[in-house]
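Residue numbers (our numbering): 956 to 1555. Cβ coordinates follow ideal geometry from the N, Cα and C atoms, glycine included. All of these numbers come straight from a predicted model, not from anything done at the bench.
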């Protein structure tokens, strides 16, 4: 057996976070080792004997939880204290921090990730005669024995908290497996692939995981979810098949597959998404629904014919990433206050503008969730419906049966709505019906593709809508972009040059501290982790309304809006750079189209 290190003294947190941690002398630890858990908790964690007795009575009364779980539920102790007490009782080590970088890959490969996650167990260190293993439940001896068989080695269990083990499992398997890269090695020869293709229609997805093609496509999906990718691009070239991931808005080369695997990969994706594998001349759209890494994932699949074969783009829709609250989207306090005032008005039109992929749908969903209540009837017409919103009626556009934004919106008015969301105003007909809905006492939210907020007003006029109708119904426009946020683990401080300060439009003290990207394991060496919005909110007041009536150009409207307090995209981005949320380069990448000065 691996020797257990001398406990020395154990640090146990007291019930109140403000109290200093309590040190347990080695002699006291030896005395308590092997004693009942309740006795240890009373001695170390300031739990009263009465509380332990009440927990035991609950167990006798049919409570299935263990005594420690009962006390945690009653907020008398925390999970860490229970884990430390359990380790002391069983004379095991308590591991507070798991160093993932030091875990050998050979310890990870024999263990299925599903087994590791289900039992919250992970080998972390190869000892002289046993493998050190962290486990959340050291009483789960069956899992410990199974792990010993999988490793073909003796194991020494140690106790760790379940969240730390789960995080370590995700990071260790992500590093050790390199799923897509390894799956390419399985695409050995054309003969093997032909055999796999013949079997795909007959193979159950789980039973056929050993087929190289199935393993490769599944690996792409798993890698994409782990990498926080929003899109998978599968591109057929003359001599190979390229795969790229879009992460935080930028494309990164992921892997290359051999050319002879092209037809098999395309066929597999089509089968998964319910498309016609025989049709290779026309574009097709499909959908895949999977549970990956504990998340419910929807994948929108688009195929188009290209020169060297069909091109596939798989848009990954993670419900947790799109169903956010307005407070989580990166609004500054004053912009959020003004926007909340707009979406709670009884009638009018609110437009969200920006290019494709700038987060407009997320902003609309967050807005609807904010105002959703049992006394408000909310209806949406979308193309497509990306996620179901509880309590909201959602309808999907279907051009094959002439169900367009305009026809759907027209029929909505007979459904007694209070709030209507139109996925996009694309033409004059849709715009005019939205305006009529607003004039008859409805709040209408929609999107439009323009570069900035003032441009949305002139776009409606360009569609053929009369300026007086736009001025009387439009109450606000919010333009937005997404900037990558700096990784908090590795971002580095620096002083920008005068040219950089001038370029981003900041005028202030000569010495300013900004941050730039560096790159580490946490952020996949990109220097960035996640994205946040920068916003330009134009609230239509009397002055703006008069300019719209006169059919004034967008530049003049923008100057008037700035005079009235509108913060432009570049200004909002500059303030986020000043706070260290993002970098100057990232702000300029998405918002370098205006000349402004930001006072600091």
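Neighbourhood of residue i by C-beta distance below 6 Å, restricted to the same chain and skipping five residues each side
i, result
"residue 1195", "1211 and 1214"
"residue 1429", "1304 and 1495"
"residue 1229", "1241"
"residue 1238", "1259"
"residue 1245", "1252"
"residue 1264", "1191 and 1217"
"residue 1098", "1074 and 1076"
"residue 1285", "1487 and 1488"
"residue 1189", "1198 and 1267"
"residue 1160", "Only weak support is given to the placement of residue 1160: the predicted model assigns it a pLDDT of 40, under 50, and the value that follows is read from those uncertain coordinates. So no residue of the chain qualifies."
"residue 1295", "none"
"residue 1448", "1468 and 1470"
"residue 1348", "1334"
"residue 1091", "1075, 1117 and 1120"
"residue 1225", "1232"
"residue 1418", "1383 and 1386"
Distance CB(residue i)-CB(residue j) smaller than 8 Å
i, j, result
"residue 1313", "residue 1436", "yes"
"residue 1336", "residue 1352", "yes"
"residue 1446", "residue 1477", "no"
"residue 1221", "residue 1267", "yes"
"residue 1521", "residue 1502", "no"
"residue 1468", "residue 1537", "no"
"residue 1272", "residue 1321", "no"
"residue 1255", "residue 1270", "yes"
"residue 1516", "residue 1409", "yes"
"residue 1174", "residue 1116", "no"
"residue 1316", "residue 1341", "yes"
"residue 1089", "residue 1053", "yes"
"residue 1323", "residue 1344", "yes"
"residue 1106", "residue 1067", "no"
"residue 1415", "residue 1434", "no"
"residue 1334", "residue 1367", "yes"
"residue 1311", "residue 1490", "no"
"residue 1509", "residue 1354", "no"
8 Å Cβ shell around residue i - same chain, five flanking residues per side excluded
i, result
"residue 1505", "1422"
"residue 1371", "1332"
"residue 1547", "1458 and 1525"
"residue 1564", "The structure shown has nothing for residue 1564, since the chain only spans 956 to 1555."
"residue 1042", "1048, 1049, 1093, 1113 and 1114"
"residue 1393", "1302, 1303, 1304, 1399 and 1428"
"residue 1396", "1301 and 1302"
"residue 1095", "1074 and 1076"
"residue 1127", "1055, 1058, 1063 and 1077"
"residue 1147", "With a pLDDT of 46 at residue 1147, under the threshold of 50, the predicted position of this residue should be treated as unreliable, and no value is reported."
"residue 1420", "1383, 1386, 1387 and 1390"
"residue 956", "Below a pLDDT of 50, predicted positions are generally treated as unreliable, and residue 956, at 36, falls in that range; no measurement from the model is reported."
Per DSSP, cross-strand counterpart(s) of residue i
i, result
"residue 1266", "1259"
"residue 1437", "1488"
"residue 1449", "1469"
"residue 1272", "1253"
"residue 1239", "1258"
"residue 1431", "1305 and 1494"
"residue 1223", "Answer is none; residue 1223 lacks a bridge partner."
"residue 1066", "Per DSSP, none; premise fails for residue 1066."
"residue 1246", "1251"
Close beta carbons around residue i, own chain, < 7 Å, minus the five adjacent residues each side
i, result
"residue 1411", "1306, 1308, 1403, 1405 and 1432"
"residue 1389", "1304, 1364, 1377, 1380, 1399 and 1401"
"residue 1207", "1199 and 1200"
"residue 1440", "1483, 1484, 1485, 1486, 1487, 1536 and 1537"
"residue 1519", "1496 and 1498"
"residue 1543", "1458 and 1459"
"residue 1243", "1227, 1228, 1254 and 1256"
task = For the stretch 1159 to 1212, list the alpha helix (DSSP H) runs that are entirely contained and at least 4 residues long, ordered along the chain.
result = 1167 to 1181
query = In the stretch 1334 to 1405, which residue ranges form an unbroken alpha helix (DSSP H) of at least 4 residues, counting only runs that do not cross its ends?
reply = 1360 to 1367 and 1383 to 1394
message = Any contact between the stretch 1094 to 1109 and the stretch 1064 to 1079? By contact I mean 3 or more CB pairs, one from each, below 8 Å.
response = yes
key: Whole beta strand (DSSP E) elements within the stretch 1075 to 1114, 3-residue minimum   = 1076 to 1081, 1086 to 1090 and 1110 to 1114
query = What are the start and end residues of each continuous alpha helix (DSSP H) run of 4 or more residues lying completely inside the stretch 1455 to 1537, in chain order?
reply = 1497 to 1504, 1509 to 1518 and 1524 to 1533
task = Identify every run of the alpha helix (DSSP H) within the stretch 1035 to 1063, keeping only runs that are complete inside it and at least 4 residues long; order them along the chain.
result = 1060 to 1063
task = Output the residue ranges of the beta strand (DSSP E) runs that lie fully inside the stretch 1289 to 1320 and measure 3 residues or longer, sorted by chain position.
result = 1303 to 1308
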